[in-house]
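For the sequence shown, numbering that gives the first Met the number 0 gives the first residue as 0, with consecutive numbering after it. Where is the CB? At the ideal position from N, CA and C, for every residue including glycine. What follows is a short report on a single structure.
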Amino acid sequence: MANDIIRQPTIGILGGTSHVITSAYYQGLNAAMRQRLGGTHVAETLVRGMDFGRIGKLVLAEDWDALKSYVGSAVDDLERGGADLVIGSSNTVHEIMGEVMEGRDVAFLPISTPLIDAVKASGLKRVAMFGTRSTMNNGLVMREVEAATGATLLSPREDEREEINRVIFEELCEEQFLPRSRDRYVEIARRLARDEGAEGVILGCTEIMLLIDQDNIPEMKVFPTGRLHIEAAANWAAQHAERED
């Protein structure tokens, strides 16, 4: 297919949650589609950026209705722009995505779907969850994974959750990837393995995959939700691509 003319579906990316991971999704999708289609092919995408400052305030206030309205208007724009598939690049915003996407004609790939598949395939029964405060406090992704896989998801201690959350908002979302924060995340993961029997760790905020990966914790299975989501979206797009005669 490398030299063919290929008609691809358009992937609509809900961006701005944060701008850092939006860029990573865009670049990741292009690399993944080139891998699948060969040649100089890249992904057909639409990116609808949102204001991270506004989203952060709504999440902090737990104003889910206002968040649904804001995100819903962004999805409207993607639909009008011709998106065939919508993906949201945030585990935190996933909390309201089901309601936002209900009744729409455009296809939707929840961020939890490829994660559930990966946890099931691993066979692990005790898995740590890293993410924003709301995600680690029995957020929707945690509940969906536990219900679908039977695995027990382990939240860090309160002081550890605060530090994980702080690093996400003060550093990762500002494109700061500090060795001391990487070391602290690894230390927390290893404590959960030692004290609570965690066999793996879910990077349940997509920005975390830009700080740590499997190489940093080789003794535990690492589940990077963002990377899993990108690969699953690319698989969907490749399956729906058509060669033109």
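Asked                                                                                                                                                                        : Found
Cutting at 6 Å between CB atoms, please list the residues of its own chain near E43, excluding the five before and the five after it.                                        : Q7 and T9
How about S89 and T16: do their beta carbons lie closer than 8 Å?                                                                                                            : yes
Count the other C-beta atoms from every protein chain shown that fall within 10 angstroms of the C-beta of A197, then say buried if there are 16 or more, exposed otherwise. : buried
Do V85 and G11 count as a contact pair if the criterion is CB distance below 8 Å?                                                                                            : yes
Would you please state the rounded distance, in angstroms, between the beta carbons of V221 and L202? I believe it to be under 8 Å.                                          : 7 Å
Assign A120 to buried or exposed, taking buried as 16 or more other Cβ atoms, counted over all protein chains shown, within 10 Å of its Cβ.                                  : exposed
Looking at V74 and L13, is the spacing between their C-beta atoms short of 8 Å?                                                                                              : yes
What three-state label does DSSP hand I207 in the structure shown?                                                                                                           : helix
Can you list, in chain order, the residues of its chain with a C-beta nearer than 7 Å to that of A23? Leave out the 5 residues immediately preceding and following it.       : L209 and G225
What separation, rounded to the nearest whole angstrom, lies between the Cα atoms of Q213 and P223?                                                                          : 9 Å
For A232, tell me which candidate among L114, I95 and G80 has the shortest Cα-Cα distance.                                                                                   : L114
Which first and last residues belong to the beta strand (DSSP E) in which I86 is found?                                                                                      : L84 to G87
Using the rule of at least 16 other Cβ atoms within 10 Å of the residue's Cβ for burial, across every protein chain shown, is E174 buried or exposed?                        : exposed
Flag Q7 as yes when its Cβ comes closer than 7 Å to any non-hydrogen atom of the ligand ZN, and as no otherwise.                                                             : In the structure shown, the ligand ZN is absent, as is every other ligand, since no ligand is present at all.
To the nearest angstrom, report how far apart E61 and E241 are at their CA atoms.                                                                                            : 43 Å
Near I229, what residues of its chain come up, given a Cβ to Cβ distance below 7 Å and the 5 sequence neighbours on each side ignored?                                       : Y24, G27, L28 and A31
If I'm right that I110 touches K67 with Cβ under 8 Å, what's the distance once you round it to whole angstroms?                                                              : Contact flag wrong, Cβ pair sits at about 17 Å.
What do you reckon, are the CB atoms on G130 and C204 nearer than 8 Å?                                                                                                       : yes
When the distance is taken between beta carbons, is P155 closer than 8 Å to M135?                                                                                            : yes
Quickly, what does DSSP pair K220 with across the bridge? List them, please.                                                                                                 : G199
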